[in-house]
Amino acid sequence: MEIKISEITKKFGKKQILNGVSLTIEPNRIYGLLGRNGAGKSTLLNIITDRIFANDGTVTIDGVSTHEHDELLGKIYLMSEVNLYQKRVRLQELFKASKIMYGGFDETYAKHLCEAFELNPKLRFGQLSTGYRTIFKLIIALCLPVDYVFLDEPILGLDANHRELFYKELLDTYSSHPRTFVISTHMIEEIANMIEHVFVLENGKILVDDDVDHMLSQAYVITGPGETVDQYTEGLNIIGTESLGNLKGNYVFGSLNDDREIPDTVQISRMDLQKLFIHLTSGGGTGK
1 MEIKISEITK KFGKKQILNG VSLTIEPNRI YGLLGRNGAG KSTLLNIITD RIFANDGTVT
61 IDGVSTHEHD ELLGKIYLMS EVNLYQKRVR LQELFKASKI MYGGFDETYA KHLCEAFELN
121 PKLRFGQLST GYRTIFKLII ALCLPVDYVF LDEPILGLDA NHRELFYKEL LDTYSSHPRT
181 FVISTHMIEE IANMIEHVFV LENGKILVDD DVDHMLSQAY VITGPGETVD QYTEGLNIIG
241 TESLGNLKGN YVFGSLNDDR EIPDTVQISR MDLQKLFIHL TSGGGTGK
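FYI, the UniProt record's numbering numbers position 65 of the sequence shown as 65, with every residue one higher than the one before it.
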């Protein structure tokens, strides 16, 4: 079962938010949805989960439109910073309501998560801090029997310890009960080792749709004396550059010419995902 997004376009007034976005989300994988603020990430997730409507394009699950068949929405869940819960309702009652709405809820796992995060389920939603509201919504997301979980900025208000605990629990539940997670976050360095595939949105369009390992296998930092670095990287796809004194670093995305002799003063190293994202979305583009 796969989700297919085809030529999605969305405008708010005269402002174009998404422009012909197409991508496929496959079962039992962990994806990263990356983009700068205003790139359209939240809008895309809301369209996929039918919370808002596209001006054009389709979202289908195994070829069937989610917009025209509401029952398919029970297979997907979006956790976002939007608070959909009444402040006066106790968390344990909201767990029960989620079970009714989605036809199931892992109460044993929810109890474990409440204990791990030190969250009292007898509290009312309105009594929670921003961080604990996020934790509560994460518990809902991890305990529902859905095939696709979309997490939009899932670490809002979480301290470092709680973020680390969330990542651990996500990987544990993914291992024991495989399903698809799509994580949209600005904390790229923290999820880089978790995600298998990445979508990069830029100016309402898909800039990158690729497996992380394949992307990083083509991402290099070439450093050394400025003139030597420029000579070595001439003709390559340079997506960014940094200088310090007479030293220079050129960021290259794409294949290197293996026939070129590497000067003794030049070093070649791999780029990490965060650096690659920064340079791709800072005007460098893919160059492809």
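C-beta atoms are modelled at their ideal positions from N, C-alpha and C, and glycine is treated no differently.
With residue i as the anchor, note down where its beta strand (DSSP E) starts and where it stops.
i: MET79; result: 76-79
i: ASN257; result: Taken as a continuous stretch (DSSP letters only), ASN257 belongs to no beta strand (DSSP E), as it is neither H nor E.
i: ILE183; result: 180-184
i: PHE199; result: 197-202
i: SER6; result: 3-12
i: TYR132; result: Run containing TYR132: none in the beta strand (DSSP E); it sits in the alpha helix (DSSP H), 130-143.
i: ILE48; result: Not the beta strand (DSSP E): ILE48 falls in the alpha helix (DSSP H), residues 41-48.
i: ILE188; result: ILE188 -> not in any beta strand (DSSP E); alpha helix (DSSP H) instead, spanning 188-191.
Would you tell me roughly how many angstroms separate the C-alpha atoms of residue i and residue j, rounded to the nearest one?
i: PHE95; j: TYR77; result: 14 angstroms
i: GLY131; j: ALA110; result: 17 angstroms
i: LEU276; j: ASP211; result: 14 angstroms
i: GLY103; j: PRO145; result: 8 angstroms
i: ILE25; j: MET1; result: 9 angstroms
i: LEU151; j: LYS248; result: 38 angstroms
i: HIS279; j: PRO27; result: 30 angstroms
i: ASP209; j: GLU202; result: 12 angstroms
i: ASN250; j: GLU169; result: 38 angstroms
For residue i, does the three-state DSSP call read helix, strand or coil?
i: PHE125; result: helix
i: ASP172; result: helix
i: GLU153; result: coil
i: SER217; result: coil
i: LYS248; result: strand
i: GLU107; result: helix
i: ARG270; result: strand
i: VAL64; result: strand
i: GLU242; result: strand
i: TYR167; result: helix
i: VAL146; result: coil
i: TYR102; result: helix
i: VAL59; result: strand
i: LYS87; result: coil
i: ASP264; result: coil
For chain B, check one thing: does any of its Cβ atoms lie closer than 8 angstroms to the Cβ of residue i?
i: CYS114; result: Although the question refers to chain B, the structure presented lacks it and comprises just one protein chain.
Would you decide whether residue i is buried or exposed? Buried here means 16 or more other CB atoms lie within 10 Å of its CB.
i: GLY13; result: exposed
i: LYS15; result: exposed
i: PHE53; result: exposed
i: MET215; result: buried
i: ASN161; result: exposed
i: MET101; result: exposed
i: THR108; result: exposed
i: LEU244; result: exposed
How far does the alpha helix (DSSP H) with residue i in it reach, from first residue to last?
i: residue 322; result: What the structure shows of the chain is the stretch from 1 to 288, and residue 322 is not part of that stretch, so it cannot be assessed.
i: VAL229; result: 226-233
Segment contact flag, the stretch 266-275 with the stretch 223-239, C-beta cutoff 8 angstroms, min 3 pairs
yes
I want to know whether the stretch 30-40 touches the stretch 181-196 - three or more CB-CB distances under 8 angstroms.
yes
Cβ pair count under 8 angstroms reaching 3, the stretch 254-265 against the stretch 227-237
yes
If we count Cβ pairs, one from each stretch, closer than 8 angstroms, do we get three or more for the stretch 38-52 versus the stretch 14-21?
yes
Check whether the stretch 120-135 and the stretch 80-92 are in contact - that is, three or more C-beta pairs closer than 8 angstroms.
yes
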